[in-house]
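Residue numbers (the working numbering): 21 to 80. All residues carry an ideal CB built from backbone N, CA and C; glycine is no exception. Read the structure below first, then the notes.
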Amino acid sequence: MPKEDIELFLKEKGLTKKELPILKELDPVVPLINAKVGDVVKITRKSVFGGTYLYYRVVE
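Structure, rendered in structure tokens:
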């Protein structure tokens, strides 16, 4: 996510990066998406019941 989008998201939710769930640097997807330690990634998952869910993780 671009830095500006991260700052806006965190401000809207009243969170800090430290409060986000962690995506381990050793997770196999991290190099595939070119993520680096400290990056916030947005994960979109489809529900079996319809709709989509957004999840945010910080790479550590």
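Exposed or buried, D25, counting other C-beta atoms within 10 Å across all chains shown (16 or more means buried)? exposed
Extent of the continuous beta strand (DSSP E) run through L35: Segment: none, L35 is in no beta strand (DSSP E) and carries neither H nor E.
Contact check, V78 vs V50, beta carbons under 8 Å: no
Can you tell which of T72, R65, G58 and E80 has its C-alpha closest to the C-alpha of M21? G58
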